[in-house]
Amino acid sequence: DPALVAGRGAAVGFLEQEAENARTDGVVIGPDRTAYTLPSEASGRRAVRLAPGQYVEFKLPAAANAITVRYSIPDAPRGGGITAPLDVTVNGGHRQRMTLTSRYSWLYNQYPFSNDPDADLLHPDWWITECGCVPAATTPAPSITKPFRPSHFYDEQRLLLGRSYRAGDKVRLTASADAEWTVVDLLDSEQVAPPRVVPFAANAVLFGADPTGRRDSADALDRAIAFARRAHLKVYLPPGTYQVNRHVIVDDVTIEGAGSWYTTLEGHGVGVYGEEAAAGGSHDVHLSGFAIDGDVRERVDTDQVNAIGGALSDSTVDSLYLHHTKVGLWFDGPMRNTRVTNNVIADQIADGLNFHTGVTDSVVADNFVRNTGDDGLAMWSEQRQDALNTFDHNTIQTPVLANGIALYGGVDNTVSGNLVADPIREGSAIQVGSRFGAEAFGGALRITDNTTVRAGTFELNWKIGLGALWFYALEKDIAADVEVTGDHFLDNTYNAIMLVSDFPVKDKYQIAGLKFADLRVDGTGTSVLSARSAGSASFRNVDARNVGAVGVNNCGSFNFPPTGSEFSLTDLGGNDGGWLAPWLLPNTITCDDRPPVVAPPAPSRW
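This is the structure we're talking about:
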């Protein structure tokens, strides 16, 4: 129900339609929230599977001249992907063809994953849930089914239709015989503006950039940037596809394309980077109106193959389309005062965006992030605090691994107005985590007016369900001034809120002083709050309904003292729905380590 998410998430130029709600002669698959399945990675946990010759047909909800199709097709038998055409017709005519590919999808095995479906375990010395054992230390050796843990099934492609069509016109997608099956998840449709022209600028083509993509344009872009800086001009990238196979280093320059549907930088290792922070970083960089389409097919964490990188202070990144890179935007601070707005970040091998090490006074707003291979948006305060940053009104959809939004340490940061839907495995919609060597949380942390949908995944190592909002004290206490207000948690797979100290440190670290107010919880597979840590929290005006298990699953630190749980709750009033009954207060032990999951009904208007 759109009313349940009104005013939350990014303001985007497209309208999204789910394939399972469209006309089709194919088969609707799902729903399923079990990892490693096609429907579990689909938006809404359902999609349409087409055999060759079958179709799915969408009625345009508004005038449109462009579409984006999210899809999956099979991998090659030995990995590496295949290609297959998809026919696109409008009102039975104007036939166009998209060439789908699975070269950028289908990962297997344990972290950091493999493209080889027949690969043996990457880490046989790790415990795995499939056998409940450490394979390398087990005799006889367990039988491991291959491919092991397939994931990252989906990709997306965009298509300009050549003209504008009206609301109600019918867009039909027909699968070809080149793929055994084609799964269509959704269609985005939009009215794209004509190409933008910037007349008084350093036109990159005049410096030798090749808009046909046949020749490498990196050196030409360097020349255009150098001239623009001397002449105090912008750099203009006219419509075209420019081959770039390295980083383009930027400082004190504005680069504008004709629009992200018209101007594309593509290549192996393509990226636009500021100078490294150790060298002083870059400043006053303004990037807008183009796409970066990479060629990253595997995760190598030491590779700098991100679309945007380096340190950029007093800068803006606006209206880009970032696709097929390792990370959409990875900033290594210290740096300050950067705004990342109105971008689409899709099909990344790792994060969508990461503020890493001392990023301050910066804003990430109105971005649409889909199908990341790690956190959608993250602040990681390694060695130096990220401080005074805001993630505001972003939409994060179907992160395949980890979280929609993750905060690892930091001081005085805000997460507000975001919409996070369908995290797939080993993560949550929003995580507040003391982990990965992050500095301690400090100051005020505000998590305000966000909505999560179908969130809270299964943690393979612990074999428990997580929460849509997950606090995790692994390396330090979480004891900052934390307020969670105005958030809505809808159709939670397990818990709405979960607090965890990992078992080896359960008596060392706690999560204390959290304040929850003005929340709505509509549907939990298990509890509203699962407390698996020492600490405390207060609750005011937290309304819940359709709760699958006990409202509060209070395990504390699992010592079960006669005085009650090591985690205490304070009822400040107005908590409706019976989930916070008086007998639970302040610290009644209600611990069920793995409560049965009761699938809730679909959320409805409150």
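FYI, my numbering numbers position 199 of the sequence shown as 185, with every residue one higher than the one before it. Where is the CB? At the ideal position from N, CA and C, for every residue including glycine. Given the structure is predicted, the values throughout are model-derived calculations rather than measurements.
Check P661 in the structure and name its three-state DSSP category.
Residue coverage of the chain in this structure runs from -13 to 592, which leaves residue 661 outside it and unanswerable.
Using the DSSP secondary-structure output, state which residues sit across from D73 in a beta bridge.
Residue 73 sits at position 87 when you count from the first residue of the sequence shown. D73 pairs with R83, T160.
Kindly indicate which three-state DSSP category I211 falls into: helix, strand or coil?
Position 225 of the sequence shown, counted from the start, is the residue given in the question as residue 211. Here I211 carries a helix assignment [DSSP, helix/strand/coil].
3-residue-minimum beta strand (DSSP E) runs that sit fully inside the region 339 to 371, ordered along the chain
339 to 342, 349 to 351, 354 to 356, 363 to 366
Mind checking whether G275 and A244 have CB atoms under 9 Å apart?
Working through the sequence shown from its first residue, we reach residue 275 at position 289. Working through the sequence shown from its first residue, we reach residue 244 at position 258. The answer is yes: Cβ separation under 9 Å.
With a threshold of 16 other CB atoms inside 10 Å of the CB of L192, please say whether the residue is buried or exposed.
Position 206 of the sequence shown, counting from 1, holds the residue named residue 192. So L192 counts as exposed.
With burial defined as no fewer than 16 other Cβ atoms inside 10 Å of the residue's Cβ, what is the status of V230: buried or exposed?
Here residue 230 corresponds to residue number 244 of the sequence shown, with the count starting at 1. The residue is buried, with at least 16 neighbouring Cβ atoms inside 10 Å.
Opposite Q383 in the DSSP bridges: which residues?
Working through the sequence shown from its first residue, we reach residue 383 at position 397. Answer is R356, A407, bridged to Q383.
Closest Cα partner of Y94 within the set H138, W112, T69:
Position 108 of the sequence shown, counting from 1, holds the residue named residue 94. Taking only the C-alpha atoms, the option nearest Y94 is H138.
Taking the beta carbon of K312 as the centre, do at least 16 other beta carbons fall within 10 Å, making it buried, or is it exposed?
For this step, residue 312 is matched to residue 326 along the sequence shown. Answer is buried; the Cβ neighbour count reaches 16.
Same chain, Cβ closer than 7 Å to D488, neighbours up to 5 away in sequence not counted:
As a working mapping, residue 488 is identified with position 502 in the sequence shown. Listed in chain order, the non-local C-beta contacts of D488 below 7 Å within the same chain comprise L460, local neighbours out to five positions each way being set aside.
For W456, write down the residues that DSSP places opposite it in a beta bridge.
By 1-based counting over the sequence shown, the position of residue 456 is 470. DSSP, once it has assigned bridges, lists Q417, M484 as partnering W456.
Exposure label - D579; buried when at least 16 CB within 10 Å
Sequence index remark: in the sequence shown, residue 579 carries index 593 (1-based). Exposed, because fewer than 16 other Cβ atoms sit within 10 Å of the Cβ of D579.
Alpha carbon to alpha carbon, how far is P547 from G419?
Looking up residue 547 in the sequence shown gives position 561. Looking up residue 419 in the sequence shown gives position 433. Rounded to whole angstroms, P547 to G419 spans 27 Å at the Cα level.
On the three-state DSSP scale, how would you describe F27?
Sequence index remark: in the sequence shown, residue 27 carries index 41 (1-based). In the sequence as presented, Phe is not what sits at residue 27; that position holds Glu. Three-state DSSP puts E27 in a helix.
How would you label V584, buried or exposed, when you count the other beta carbons within 10 angstroms and need 16 or more for buried?
Against the sequence shown, residue 584 aligns to sequence position 598. Flag for V584 reads exposed.
Expressed to the nearest angstrom, what Euclidean distance is found between the alpha-carbon atoms of P582 and T115?
The sequence position of residue 582 within the sequence shown is 596, counting from 1. The sequence position of residue 115 within the sequence shown is 129, counting from 1. If you take the alpha carbons of P582 and T115, they lie about 18 Å apart.
What residues match up with H474 in a beta bridge as DSSP calls it?
Position 488 of the sequence shown, counting from 1, holds the residue named residue 474. Bridge partners of H474: T437, R506.
Which two residues bound the contiguous beta strand (DSSP E) that contains F0?
Counting from 1 along the sequence shown, the entry for residue 0 is found at position 14. Under the DSSP assignment, F0 falls in the beta strand (DSSP E) whose first and last residues are 0 to 4.
Where R580 falls: helix, strand or coil (DSSP):
Mapped onto the sequence shown, residue 580 falls at position 594. R580 falls in the coil class under three-state DSSP.
Decide if the region 156 to 168 is in contact with the region 39 to 46; the criterion is three or more beta carbon pairs, one per stretch, under 8 Å apart.
yes
Given R9, which residues of its chain have a CB within under 6 Å of its CB, disregarding the five upstream and five downstream residues?
What you label residue 9 is simply residue 23 of the sequence shown in a count that begins at 1. Only E43 meet the Cβ criterion.
Comparing alpha-carbon positions, which option in P385, N481, R144 lies nearest T87?
Locating residue 87 in the sequence shown gives position 101, where the first residue counts as 1. The candidate whose alpha carbon is nearest that of T87 is R144.
Please state the DSSP three-state secondary structure of A122.
What you label residue 122 is simply residue 136 of the sequence shown in a count that begins at 1. Note: A122 maps to helix in three-state DSSP.
Is T576 close to the ligand ZN? I mean its beta-carbon at under 8 Å from any heavy atom of the ligand.
Judged by which ligands are present, the structure shown has none, so any question about the ligand ZN falls away.
Please confirm if the region 110 to 130 is in contact with the region 10 to 17, defined as three or more CB-CB distances below 8 Å between the two stretches.
Pairwise C-beta distances place the region 110 to 130 out of contact with the region 10 to 17, as fewer than three of them are shorter than 8 Å.
Is it right to say H342 is buried, meaning 16 or more other beta carbons lie within 10 angstroms of its own, or is it exposed?
Along the sequence shown, one-based indexing puts residue 342 at 356. By the 10 Å Cβ count, H342 comes out buried.
Measure from the alpha carbon of V282 to the alpha carbon of each residue in W247, A332, H269, then state which is nearest.
Position 296 of the sequence shown, counted from the start, is the residue given in the question as residue 282. Of the candidates W247, A332, H269, the one whose C-alpha sits nearest the C-alpha of V282 is A332.
With H, G and I counted as helix, E and B as strand and the rest as coil, what does DSSP make of F427?
By one-based count along the sequence shown, residue 427 stands at place 441. Looking at F427 - three-state DSSP - the assignment turns out to be strand.
Beta-carbon proximity of Y22 to R201, cut-off 9 Å
Taking the first residue of the sequence shown as position 1, residue 22 is located at position 36. Taking the first residue of the sequence shown as position 1, residue 201 is located at position 215. Cβ atoms of Y22 and R201: not closer than 9 Å.
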